[in-house]
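Right, one structure below, let's go through it.
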Amino acid sequence: MPLPAAELTAFVVDRWDTTVVPLLHDYIAIPNVSPAFDPAWDEHGHMQTAVTLLEEWARAQEIEGLTVEVATLPGRTPLIVMEVPAHGEAGARADAGEAPDTVLLYGHLDKQPPMVGWRDGLGPWSPVLAGDRLYGRGGADDGYSIFAALTAIEAVQRFGGGHRRCLVVIEASEESGSPDLEAHVDALGERLGAVSLVVCLDSGCGTYDRLWTTTSLRGLAGFTLSVRLLTEGVHSGASGIVPSTFRVLRQLLDRLEDVDTGEVRLPAFHTPIPDERVTQAAAAAAVLGDGIWQRFPFAGGARPVGGSPAELLLNATWRPAVEVIGADGLPSIEDAGNVLRPVTAVNVSVRLPPTCDASAALAAATEAVTADPPYGATVEVQGDWAATGWNAPPTADWLAPAIEAASQAAFGQPAAAMGEGGTIPFMAMLGQRFPDAQFLVLGVLGPGSNAHGPNEFLDVPMAKGISAAVAHVLDAHARR
Numbered sequence: 518m519p520l521p522a523a524e525l526t527a528f529v530v531d532r533w534d535t536t537v538v539p540l541l542h543d544y545i546a547i548p549n550v551s552p553a554f555d556p557a558w559d560e561h562g563h564m565q566t567a568v569t570l571l572e573e574w575a576r577a578q579e580i581e582g583l584t585v586e587v588a589t590l591p592g593r594t595p596l597i598v599m600e601v602p603a604h605g606e607a608g609a610r611a612d613a614g615e616a617p618d619t620v621l622l623y624g625h626l627d628k629q630p631p632m633v634g635w636r637d638g639l640g641p642w643s644p645v646l647a648g649d650r651l652y653g654r655g656g657a658d659d660g661y662s663i664f665a666a667l668t669a670i671e672a673v674q675r676f677g678g679g680h681r682r683c684l685v686v687i688e689a690s691e692e693s694g695s696p697d698l699e700a701h702v703d704a705l706g707e708r709l710g711a712v713s714l715v716v717c718l719d720s721g722c723g724t725y726d727r728l729w730t731t732t733s734l735r736g737l738a739g740f741t742l743s744v745r746l747l748t749e750g751v752h753s754g755a756s757g758i759v760p761s762t763f764r765v766l767r768q769l770l771d772r773l774e775d776v777d778t779g780e781v782r783l784p785a786f787h788t789p790i791p792d793e794r795v796t797q798a799a800a801a802a803a804v805l806g807d808g809i810w811q812r813f814p815f816a817g818g819a820r821p822v823g824g825s826p827a828e829l830l831l832n833a834t835w836r837p838a839v840e841v842i843g844a845d846g847l848p849s850i851e852d853a854g855n856v857l858r859p860v861t862a863v864n865v866s867v868r869l870p871p872t873c874d875a876s877a878a879l880a881a882a883t884e885a886v887t888a889d890p891p892y893g894a895t896v897e898v899q900g901d902w903a904a905t906g907w908n909a910p911p912t913a914d915w916l917a918p919a920i921e922a923a924s925q926a927a928f929g930q931p932a933a934a935m936g937e938g939g940t941i942p943f944m945a946m947l948g949q950r951f952p953d954a955q956f957l958v959l960g961v962l963g964p965g966s967n968a969h970g971p972n973e974f975l976d977v978p979m980a981k982g983i984s985a986a987v988a989h990v991l992d993a994h995a996r997r
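Written as structure tokens, this is what we have:
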């Protein structure tokens, strides 16, 4: 029998209102930025403060058989590991194999840097609940995840359902590209069990009125590109003799993308878009319409790139895109003099199609920008790194109806699916380790939530709905 939807939802809502939201206020107030942005994270202690807050809450939960530990490895960020044995008649059904049938639930607790531009009365470490929205850094990305995961498991147990063995992992380096996670996964070894379902709670949603599942994630390649023409700056009267490093840099970037359209030129950055994903994009676009681009804070008369809503979705989920996300060698406007600068450097970030080989794409980009440099300039690519994306495997017969039923039970609306433009390195790694597993990738990052930017918020009703929906899927997975 399915779980009682109304009673389960009432439990979830009460748990969030009385316990989770106040704790998320405390969590948001902790400036536990990811190690890439705070190399002295261990010394500063903010990460440990966040770990302790979440660990103590987890230990207090009334979940049968729950164990909680904080795994540590030398020189690595910690990992909170929570294990719950199979529950209920369906969940405890004997496995044919030696390793237990396992649901792996994932989230992270590290945060992006503060960012400027927060509205008056808001700030990254100053939680504010305004209506249904909890503002502050990290509540939505991804502090809510541990609360959603354990609340879902407890709901299954409270209302007579079943679940297979659950292993909940909350890492602390995702915003840095998860450099520590694989070592922790290796250390877990056989404790991972036979993972048949992965529930990732670090993605987005197209709207806040239904359950959205993520079917693909783009990859990412990044590098610093520098152009040097002089040993020191000289008077700009030398222009016309001495080339501009900025102009040379523009020429090199033009080898990567068409300046007029933004289309990435290199074949290594493109992969075919599966027919199923094209169909899903069209269905998602029918729900979202112009909301696909209207959710972004365009200024004045600015507008998105051309194309139908479905094409815009495919642009953001299955096509590569280049962005310059940082620069060196450029003085501030008020400090600028009439000088030909000796060097210009930019940090280049390239989003990749989910099935693109990130290492091969990075190699192609490096070759393109360093070959035959204009005017014999010294061109260097440094700090390069790459993360391959992820494309969901074919959906099992049990999962599609389970997702639809969970959306109806938790939201009263049909489920929807689409790809996401971001990257979760953990997903590609898990896809390789567990090729037979099913994936339920969810998140609360919807219109206006502005993860990584100013005024980031958590839509609390969406988080409640996801908590309830995961409970229904866990029960369906046990009964499959």
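Residue numbers (the working numbering): 518 to 997. Think of the CB as a built atom: it goes at the ideal place given N, C-alpha and C, for glycine as much as any other residue. Please read these numbers as outputs of a predicted model, since none were measured by experiment.
*Per DSSP, ARG682 is paired with what?*
According to DSSP, ARG682 bridges with THR619.
_Neighbourhood of PHE528 by C-beta, 7 Å cutoff - its chain only, sequence neighbours within 5 removed_ = ALA672, ARG675.
*For the beta strand (DSSP E) that TYR652 lies in, which residues bound it at each end?*
Its beta strand (DSSP E) spans residues 650-652.
*Can you tell me the Cβ-Cβ gap for ASP627 and ALA689, rounded? I've got them flagged as a contact below 8 Å.*
About 5 Å; that satisfies the 8 Å criterion.
*asked:* Going by DSSP, what residue range makes up the alpha helix (DSSP H) through MET935?
replied: Taken as a continuous stretch (DSSP letters only), MET935 belongs to no alpha helix (DSSP H), being part of the beta strand (DSSP E) at 933-937.
*What is the C-beta distance between LEU684 and GLY624, in whole angstroms, given that I count them as a contact (C-beta under 8 Å)?*
Contact between LEU684 and GLY624 does not hold, since the beta-carbon distance rounds to 12 Å and is not under 8 Å.
*What separation, rounded to the nearest whole angstrom, lies between the Cα atoms of LEU769 and ALA885?*
Distance between the alpha carbons of LEU769 and ALA885 is about 8 Å.
*Is ASN832 helix, strand or coil by DSSP?*
Residue state for ASN832 is assigned as helix, using DSSP reduced to three classes.
*Beta-carbon separation of ALA980 and TRP574 under 8 Å?*
If you check the CB distance, ALA980 and TRP574 do not come in under 8 Å.
*asked:* Under 8 Å: do the stretch 890-905 and the stretch 775-791 share three or more Cβ pairs, one atom per stretch?
replied: Judged by Cβ distances under 8 Å, the stretch 890-905 makes no contact with the stretch 775-791, as fewer than three pairs qualify.
*Determine the extent of the beta strand (DSSP E) in which VAL839 is found, giving its start and end residues.*
In the DSSP assignment, VAL839 falls within the beta strand (DSSP E) that extends over 838-845.
_Looking at VAL759: is its Cβ nearer than 8 Å to the Cβ of LEU742?_
No, they are not a contact pair.
*Using the rule of at least 16 other Cβ atoms within 10 Å of the residue's Cβ for burial, across every protein chain shown, is ASP792 buried or exposed?*
Flag for ASP792 reads exposed.
*What residues are listed by DSSP as bridge partners for SER743?*
Answer by DSSP bridge pairing, in chain order: ALA862, GLU897.
*If you check the beta carbons only, do GLY739 and ASP874 fall under 8 Å apart?*
GLY739 is not a Cβ neighbour of ASP874, given a cutoff of 8 Å.
*Distance, THR594 Cα to GLY562 Cα*: Whole-angstrom Cα-Cα distance: 11 Å.
*asked:* DSSP three-state label for GLU921, please.
replied: Looking at GLU921 - three-state DSSP - the assignment turns out to be helix.
*asked:* With a threshold of 6 Å on Cβ separation, who are the neighbours of ASP618 within its own chain once the five nearest residues in sequence on each side are excluded?
replied: So the list reads ASP612, ARG681, ALA711, SER713, once near-sequence residues are dropped.
*Please confirm whether TRP907 and ARG997 have their CB atoms less than 8 Å apart.*
In this structure, ARG997 does not lie closer than 8 Å to TRP907 by Cβ.
_Let's see if you can read the secondary structure: which residues bound the alpha helix (DSSP H) around LEU962?_
Premise fails: LEU962 is in no alpha helix (DSSP H) and is neither H nor E.
*Consult DSSP for SER643 and reduce its assignment to one of helix, strand or coil.*
The DSSP-derived three-state label of SER643 is strand.
*How about LEU583 and MET599: are their beta carbons less than 8 Å apart?*
Cβ atoms of LEU583 and MET599: closer than 8 Å.
*Is there contact between the stretch 951-961 and the stretch 793-812, where contact requires at least three CB pairs shorter than 8 Å?*
These segments do not touch.
*asked:* Pull the bridge partners of ARG868 from the DSSP assignment, please.
replied: ARG868 is bridged to LEU737, ALA838.
*How would you write the range of the alpha helix (DSSP H) that PHE664 sits in, first residue to last?*
First-last of the alpha helix (DSSP H) with PHE664: 661-675.
_Beta-carbon proximity check, ALA546 vs PRO644, cutoff 8 Å_ = For ALA546 and PRO644, yes; Cβs fall inside 8 Å.
*Spatial neighbours of GLY656 within its chain, please: CB distance less than 8 Å, with the 5 preceding and 5 following residues excluded, ordered by chain position.*
Excluding positions up to five away in sequence, the list reads LEU541, TYR544, ILE545, PRO644, GLU973, PHE974, LEU975.
*asked:* Going by beta-carbon coordinates alone, are LEU766 and VAL744 separated by less than 8 Å?
replied: Going by C-beta atoms, LEU766 is nearer than 8 Å to VAL744.
*First and last residue of the alpha helix (DSSP H) that includes ALA575?*
In the DSSP assignment, ALA575 falls within the unbroken alpha helix (DSSP H) covering 563-576.
_Close-in-space but distant-in-sequence residues of the same chain around ARG836 (CB under 7 Å, 5 per side omitted)_ = Residues PRO870 of the same chain have their beta carbon placed closer than 7 Å to that of ARG836, with the five preceding and five following residues left out of the count.
*Per the contact definition of three or more C-beta pairs closer than 8 Å, is the stretch 930-949 in contact with the stretch 725-738?*
Contact between the stretch 725-738 and the stretch 930-949 is present: 3 or more CB-CB pairs across the two stretches fall below 8 Å.
*May I ask you to verify whether the stretch 816-831 touches the stretch 855-871, counting CB pairs closer than 8 Å and requiring at least 3?*
The stretch 816-831 vs the stretch 855-871: no contact.
_Rounding to the nearest angstrom, what Cα-Cα distance links ALA647 and ASP852 in this structure?_
The alpha-carbon separation between ALA647 and ASP852 amounts to approximately 40 Å.
*Measuring CA to CA, which of ASP845, GLN797, GLY939, VAL839 is closest to GLU828?*
Comparing Cα-Cα distances from GLU828 to each of ASP845, GLN797, GLY939, VAL839, the minimum goes to GLN797.
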